[in-house]
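Only one structure is covered here, and it is reproduced in the block below.
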Amino acid sequence: MNQCPIGLKLEQLLGSLAGGELNSLESKQKQGLHSQAMGLKGLTPPYLAPTTGGAVVLQGVNYASGGGGILNHTGKIFGGRINMDAQLDNFANTRQDIISGIGRPAALNLLSKSLFSITIGSNDFINNYLTPVVSVPQQKLVSPETFVDTLISRFRLQLTRLYNLDARKIIVVNVGPIGCIPYQRDTNPLAGDNCVAFPNQLARLFNKQLKSLIAELSLNLKGSQFVYADVYYIVSDILQNFMTYGFENANSACCYVSGRFGGLIPCGPPSKVCADRSKYVFWDPYHPSDATNIIIANRLIDGDSKDVFPVNVRQLVDS
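Take the sequence shown: its letters are residues 35 to 353, numbered as in this note's numbering.
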């Protein structure tokens with residue numbers, strides 16, 4: 035985590051909690067782009083970097099982890115991923131360091147004004163419930179509804195814990211149209227040129243419950259300001275109208291190795307790269323390109339209630 039994110043990379047975000055193969059790195063990109071758009075400089079330092087300590091943490095910390103999810107067993111094929119519970123443990127350590135450094139009253143004041151951005155959940159589907167071959171027995175035993183209920187129940191506890199650690203301004207990003215990423219397209223060839231229906235159905239099922247959860251927490255947790263960021267809606271709009279946004283390709287990875295859509299093998303040293311990544315919606319099998327993330331970031335910062343609810347990020351910062 036002590037490296038720059040894929041591509042370019044909101045905040046004086048004192049806590050950026052994220053996870054997932056799609057979410058984590060995507061989140062770091064959007065966070066950096068948010069920062070640029072709002073006049074902030076530099077990348078938010080990763081929690082595990084040896085230089086992230088002392089006064090540095092007063093300007094924000096990134097807790098994101100590739101492969102991480104809401105559930106602790108999500109992403110186990112990746113080994114040393116950091117899931118949401120562990121990310122909250124890490125934030126609790128940062129919080130204590132801040133209290134020790136500037137005193138409790140000043141620390142609580144800082145935390146109450148800080149912005150917390152959480153992008154997690156996609157990996158719980160992509161590398162858990164939808165993992166090729168391994169997940170087949172689980173899908174037979176656990177219905178989509180039951181799996182989503184489990185995710186939401188766990189996420190409720192995690193968001194409540196974050197609130198109890200004095201976070202107040204909390205942006206929660208929903209799960210995007212994961213059935214449209216190159217990885218899903220290539221591992222589900224029967225979908226042809228279309229997005230894969232089942233992953234998108236799961237995402238919509240989760241998002242519906244997530245929006246209700248955000249409303250519930252906003253009502254029950256005094257002084258909280260939860261914001262629901264509808265990335266599913268934004269990315270779907272980009273995919274449906276990609277040429278209007280200046281893209282030429284809306285289904286394939288710019289950085290690719292194999293697969294009809296370049297989605298079978300992660301981007302790495304053997305990969306080929308497209309001539310102009312700004313013309314691609316997707317950078318690699320899992321992640322949006324910088325060009326896509328710029329659109330997403332701008333719509334989260336200044337968008338209307340279809341993009342982000344009940345207020346956009348700029349309004350949340352100013353509140």
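Glycine included, C-beta positions come from ideal geometry on N, C-alpha and C. In this text, all values refer to a predicted model and were calculated from it rather than measured experimentally.
Based on DSSP bridge pairs, tell me the residues matched to residue i.
{"i": "I205", "result": "S151 and V261"}
{"i": "Y290", "result": "K306"}
{"i": "Y314", "result": "N283"}
{"i": "P171", "result": "Paired residue(s): none; P171 is not in a bridge."}
{"i": "V91", "result": "Paired residues: none, contrary to the question."}
For residue i, which three-state DSSP category applies?
{"i": "V351", "result": "helix"}
{"i": "F276", "result": "coil"}
{"i": "P80", "result": "strand"}
{"i": "P32", "result": "It is not possible to answer for residue 32, since the shown part of the chain is limited to 35 through 353."}
{"i": "V230", "result": "coil"}
{"i": "F343", "result": "strand"}
{"i": "Y320", "result": "coil"}
{"i": "K242", "result": "helix"}
{"i": "K256", "result": "coil"}
{"i": "L247", "result": "helix"}
{"i": "L224", "result": "helix"}
{"i": "P139", "result": "helix"}
{"i": "L298", "result": "coil"}
{"i": "N106", "result": "coil"}
{"i": "S156", "result": "helix"}
{"i": "L145", "result": "helix"}
{"i": "L164", "result": "coil"}
Give every residue of the same chain whose Cβ lies closer than 8 angstroms to the Cβ of residue i, excluding the five residues on either side of it in the sequence, and list them in chain order.
{"i": "D119", "result": "N106 and Q192"}
{"i": "Y197", "result": "I204, L251, L255 and S258"}
{"i": "T165", "result": "I111"}
{"i": "N241", "result": "N208, V209, D264 and Y266"}
{"i": "L247", "result": "I186, F189, R190 and L193"}
Is any non-hydrogen atom of the ligand SAM found closer than 6 angstroms to the C-beta of residue i, if you look at the structure I gave you?
{"i": "A237", "result": "Absence of the ligand SAM is noted for the structure shown, with no ligands found whatsoever."}
Using a Cβ-Cβ cutoff of less than 7 angstroms, which residues in the same chain neighbour residue i once the five nearest sequence positions on both sides are dropped?
{"i": "I272", "result": "Y279, V315, T326 and I329"}
{"i": "D336", "result": "N346 and R348"}
{"i": "S305", "result": "C289, Y290 and V291"}
{"i": "F276", "result": "A284 and V315"}
{"i": "L142", "result": "D200"}
Which same chain residues, not among the five before or five after residue i, have their C-beta less than 6 angstroms away from its C-beta?
{"i": "L355", "result": "Since the displayed the chain opens at 35 and closes at 353, residue 355 lies outside it and no answer follows."}
{"i": "G210", "result": "V265, Y266 and V269"}
{"i": "Y81", "result": "V95, Y97 and N124"}
Going by DSSP, what residue range makes up the alpha helix (DSSP H) through residue i?
{"i": "V182", "result": "P178 to N198"}
{"i": "A120", "result": "M118 to I136"}
{"i": "N332", "result": "D324 to D336"}
{"i": "Y217", "result": "P216 to T221"}
Would you call residue i buried or exposed, if buried means 16 or more other Cβ atoms sit within 10 Å of its Cβ?
{"i": "D341", "result": "buried"}
{"i": "K256", "result": "exposed"}
{"i": "I111", "result": "exposed"}
{"i": "N162", "result": "buried"}
{"i": "R129", "result": "buried"}
{"i": "V90", "result": "exposed"}
{"i": "P139", "result": "exposed"}
{"i": "T180", "result": "exposed"}
{"i": "T153", "result": "buried"}
{"i": "P233", "result": "buried"}
{"i": "Q172", "result": "exposed"}
{"i": "T85", "result": "exposed"}
{"i": "A231", "result": "exposed"}
{"i": "Q121", "result": "buried"}
Taking only beta-carbon positions, decide if residue i is within less than 7 angstroms of chain B.
{"i": "L92", "result": "Checking the listed chains, one finds no chain B in this structure; it contains a single protein chain."}
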